[in-house]
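Residue numbers (this note's numbering): 24 to 146.
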Amino acid sequence: MNKHLLLFTVIFFTSCCFAFAQNKVDKYCQVIVGPKNGLTVKRIAKISFGENKDLFALKDTTVLQKLHYDVNHLVTETDVLNYMSKSGWTLVNIHSAFQYTNYEMLYFKKAFDISELAETPSN
């Protein structure tokens with residue numbers, strides 16, 4: 024009897040762990056690092072979460088506001104990589120556009136729990 028109870032307990036807790044793991048959603052952002060304007064050497068970073076705000080809507084809007092503020096005050100790719108890594112984001116890709124525009128585009132992703140996302144209206 025004790026073996027069956029132990030087996031049931033192990034299966035129950037294992038299935039609970041898998042159920043929680045399925046409640047994560049990857050969200051992506053882009054950070055562009057480049058000249059402040061075409062004529063200066065001073066570089067700035069700009070973060071973007073896409074045009075459709077409903078696709079990246081968090082319940083706590085201060086998270087995105089803080090990212091906007093902090094990232095937009097960085098000036099090098101290394102600073103952006105270190106900050107985003109410290110904030111839990113994973114680098115996905117880097118695209119250089121130095122030939123024409125002298126910009127670096129860095130793409131990041133982070134897994135958010137579904138409970139952190141705002142309800143989006145269904146179409």
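By construction, the Cβ of each residue, glycine as well, lies at the ideal position given by its N, Cα and C atoms.
- Of A120, I137, K133, Y92, the smallest CA-CA separation from A68 is found for Y92.
- Taking 7 angstroms as the cut-off, the Cβ atoms of V94 and I70 count as close.
- K89 and C52 have their C-alpha atoms some 14 angstroms from each other.
- Contact between Y126 and V56 holds: their C-beta atoms lie close to 7 angstroms from each other, under 8 angstroms.
- DSSP places D83 outside both helix and strand once states are collapsed to three, so it counts as coil.
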